[in-house]
């Protein structure tokens, strides 16, 4: 079915909502929309994130790609027209660090595919285990997030992180970049935050084992990590020599793009010491790194900038790491990085402590309340994420030649009160329905 | 000067006696916020001024005259609203669960409150002025709860909300049955399984407890009747566990029941009906939207999350429209935090209900102000901006439902407990103070025990022994 314009789109939505009752019973929802990948949105305020906003602008899409953006465009007659009057068009948002599709219910082991056994798993690929039917996907898309970086996690090297579209019939269709980076957790002396109380970040491991033991564990893990990289380098030489009976080693094979600098290492490094260790590790191993969840990046801005390392921050709406940190410590970090000229984006790290990828825009907004310029916040969840993950030529802005990952809204997508009227992924009009909406429509109609 | 005639008050009948008591409650300077947008919650929006004096709100209107010596704050472009009330929090609590038994009504969270928990200050900075501090959810009938004002810097006793009805925590579903599973679980015993292990058993535990409580109440009634007749009688043995449940039966203690699924919500309503008590609030109540009718008929309130879901099986049907459906179906509804982080942005959580379910801005803000005040029966004191109510007031730099706004100042009882400017300007001083303390501790350690330092102790050990 082709989109007939936003009015027809609304009819289509309400029709699918009616269908929702049956869908809820069978557990089927969020079927990717077919067709509709050539259209023009007219008369909207277009926020390209590549330049100035365009009032009363148009976005032309053909075969899923943007073919024109601007004022007074002449659209060819075969393009369906979507009336954008009074509405805004933004690029679809990108959650730069999640576990979406890999975990459904935190407390149910069987629903989680995030964490494999073993310290070194560079060959495991997140996309392999993404469940396209996850309820998290339509619910997240509903708030205007069209793609996400989903990642395995674990002890040291947990696997390949995958950049995916949040729509598609299969994992193959969803994948934008299955091997976007290799996730590494830098060894740590203090345990990362966990738990329930407001002073949740007691360095539990250090307390339990004592500093000396924790330091010994740290040194051992650092040595193991370096040795693993060295063994990968020896493997490259061995491989080049093609000795008789050579058998590829799948783990070490996966290290080659990293060693060649073709693939970045996503390094989880939370505290200052870990961030410094991560930068030093990158230098020593001569690999490209991206910092993840670098909560104390504000202490290390100079060095991060000198290294030209981008940062994927975790959620702003989280408690300060230390009891005596300023109350707004997490809120002001994006502004600190922006002032230092560091390229950063935001990952909701969904799966951790009830955080939701769907609240990505509100994480960015919190940074605005505490000093980040608004346009920089929009960039953080669109363009910057695309640049960091090496797909700046494909998504992240509204520019000719890019995928038509678009959201049509009645206001600023960073405001919780704004409604996302329609999401387009690769030019396809996404189903805006989801199980939660179906339950709403079912029970609001329960007779009193 | 007759100030009363100059106050354009919204609740004029209450203004009289209070104006005469001006300044009687605290020594704080009166505060007049002018030119602000005042979201009263209960009486619309006022563009004008609000006067805080003697711990109370003493004037709201287009023009309110400043009393002599009042501090005047220009609220141009700013918003004023009542302090946020969190109906479910565990900050301050040094212990959460007495998980060794299925009924722990003999214990109370009030006994383990730490007034120095930094969570209090952080909550204040997010606009929370009152919080209901609850026992955990490891038992079908948990410990006693207490309502606290976030009077940062005061001791735990002084932070108690004077006269607020005490409560008790009940818990249904996965959490209380977790300890019944062989592996044990969070909050439960690691060893032998503890009854109950099913939702059926949870019901039974509550029924058995009230069965005991009724019999216990009867023995006391018999004893008291004998005493009244002048007969000689032996008093029954005092049972601290059942005392709390008798208070529930007598309507002197509110039940705040942790729950998720619709079946367990109905179960508890039936049990309460059978034993003749009321559930004051269903907490979390993520499937409340399925049984809004029954919750309303029982007269209970619902205190839920804006959009938490997917963290456990019983949260699978959680929907962000829950609060909106409950409100539209006439249930007294609030949004709570249950979490020291979420507690800091309950205003932003409220904003989500405008999108999810289409609540009005006032309905949304009521979810974190007047509604929880009513649920805790403290609405005569707090929850809205009305003359005569406690001066628990927030000043924002923008509309509280905008994600781009933040709390600038917080007053409780007319005393300022949070000021963003002051917080920022004190940071350098505090950093220096911290550095000096660390240096002193290090020097003391090097010196093998300086003044007030036990030899051989690390600074942490000294701190721990205080």
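Protein chains in written order, with the working numbering: chain X, 102 to 549; chain P, 60 to 525. Even for Gly, the Cβ is constructed at its ideal location relative to N, Cα and C.
Please report how far the alpha carbon of residue i lies from the alpha carbon of residue j, in whole angstroms.
i	j	result
residue 140 (chain X)	residue 246 (chain X)	21 Å
residue 460 (chain P)	residue 322 (chain X)	47 Å
residue 541 (chain X)	residue 273 (chain P)	40 Å
residue 319 (chain X)	residue 216 (chain X)	21 Å
residue 392 (chain X)	residue 524 (chain X)	30 Å
residue 213 (chain X)	residue 201 (chain X)	10 Å
residue 150 (chain X)	residue 421 (chain X)	31 Å
residue 402 (chain X)	residue 90 (chain P)	41 Å
residue 527 (chain P)	residue 243 (chain X)	Examination of residue 527 (chain P) is not possible in this model, given that chain P is present from 60 through 525 alone.
residue 445 (chain X)	residue 407 (chain X)	14 Å
residue 238 (chain X)	residue 118 (chain P)	50 Å
residue 189 (chain X)	residue 388 (chain P)	33 Å
residue 511 (chain X)	residue 236 (chain X)	25 Å
residue 253 (chain X)	residue 451 (chain X)	12 Å
residue 124 (chain P)	residue 133 (chain P)	14 Å
residue 467 (chain P)	residue 454 (chain P)	6 Å
residue 122 (chain P)	residue 402 (chain P)	34 Å
residue 283 (chain P)	residue 275 (chain P)	12 Å
residue 509 (chain X)	residue 353 (chain P)	39 Å
residue 519 (chain X)	residue 324 (chain X)	50 Å
residue 390 (chain X)	residue 409 (chain X)	9 Å
residue 405 (chain X)	residue 285 (chain X)	18 Å
Going by the beta-carbon positions, is the gap between residue i and residue j smaller than 7 Å?
i	j	result
residue 196 (chain P)	residue 317 (chain P)	yes
residue 151 (chain P)	residue 172 (chain P)	yes
residue 396 (chain P)	residue 145 (chain P)	yes
residue 490 (chain X)	residue 496 (chain X)	no
residue 366 (chain X)	residue 279 (chain X)	no
residue 412 (chain P)	residue 382 (chain P)	yes
residue 183 (chain P)	residue 477 (chain P)	yes
residue 287 (chain X)	residue 395 (chain X)	no
residue 482 (chain X)	residue 277 (chain X)	no
residue 225 (chain P)	residue 312 (chain P)	yes
residue 191 (chain P)	residue 435 (chain P)	yes
residue 470 (chain X)	residue 478 (chain X)	no
Since I believe residue j is in contact with residue i (beta carbons under 8 Å), could you give me their beta-carbon distance rounded to a whole number of angstroms?
i	j	result
residue 488 (chain X)	residue 447 (chain X)	No, residue 488 (chain X) and residue 447 (chain X) are not in contact; Cβ-Cβ is about 13 Å, not under 8 Å.
residue 185 (chain X)	residue 143 (chain X)	6 Å
residue 94 (chain P)	residue 129 (chain P)	Not confirmed; about 15 Å, so no contact.
residue 314 (chain P)	residue 229 (chain P)	6 Å
residue 196 (chain X)	residue 249 (chain X)	4 Å
What is the residue span of the alpha helix (DSSP H) that residue i lies within?
i	result
residue 464 (chain X)	461–470
residue 477 (chain X)	475–481
residue 286 (chain X)	Note, residue 286 (chain X): premise wrong, no alpha helix (DSSP H); beta strand (DSSP E) at 276–286.
residue 449 (chain X)	First-last for residue 449 (chain X): undefined, no H or E at that position.
Check for me: the beta strand (DSSP E) holding residue i runs from which residue to which?
i	result
residue 403 (chain P)	Residue 403 (chain P) -> no beta strand (DSSP E), and no H or E assigned at all.
residue 369 (chain X)	366–369
residue 470 (chain P)	466–471
residue 458 (chain P)	Segment: none, residue 458 (chain P) is in no beta strand (DSSP E) and carries neither H nor E.
residue 17 (chain P)	Residue 17 (chain P) lies beyond the stretch modelled for chain P, which goes from 60 to 525, so this question has no answer here.
residue 157 (chain X)	155–163
Using C-beta distances below 7 Å, list every residue in its chain close to residue i, excluding the 5 sequence neighbours before and after it, in chain order.
i	result
residue 214 (chain P)	174
residue 450 (chain P)	111, 114, 115, 116, 470, 472, 473
residue 88 (chain X)	Outside the displayed range of chain X (102 to 549) lies residue 88 (chain X), so it cannot be described from this structure.
residue 247 (chain P)	The pLDDT assigned to residue 247 (chain P) is 48, lower than 50, so where the model puts this residue is not dependable, and the model offers no usable value.
residue 485 (chain X)	444, 445, 446
residue 154 (chain P)	171
residue 464 (chain X)	416, 417, 418, 447, 449
residue 221 (chain X)	257, 258, 329, 352
residue 501 (chain X)	167, 168, 169, 170
residue 418 (chain P)	383, 386, 412
residue 206 (chain P)	189, 191, 220, 223, 435, 437
residue 333 (chain X)	353, 356, 360
Can you name, in chain order, every residue of its own chain whose Cβ lies under 8 Å from the Cβ of residue i, other than the five neighbours on each side?
i	result
residue 425 (chain P)	100
Using C-beta distances below 6 Å, list every residue in its chain close to residue i, excluding the 5 sequence neighbours before and after it, in chain order.
i	result
residue 408 (chain P)	365, 394
residue 251 (chain P)	none
residue 165 (chain P)	299, 300
Are the C-beta of residue i and some C-beta of chain A separated by less than 7 Å?
i	result
residue 464 (chain X)	Although the question refers to chain A, the structure presented lacks it and instead comprises the protein chains X and P.
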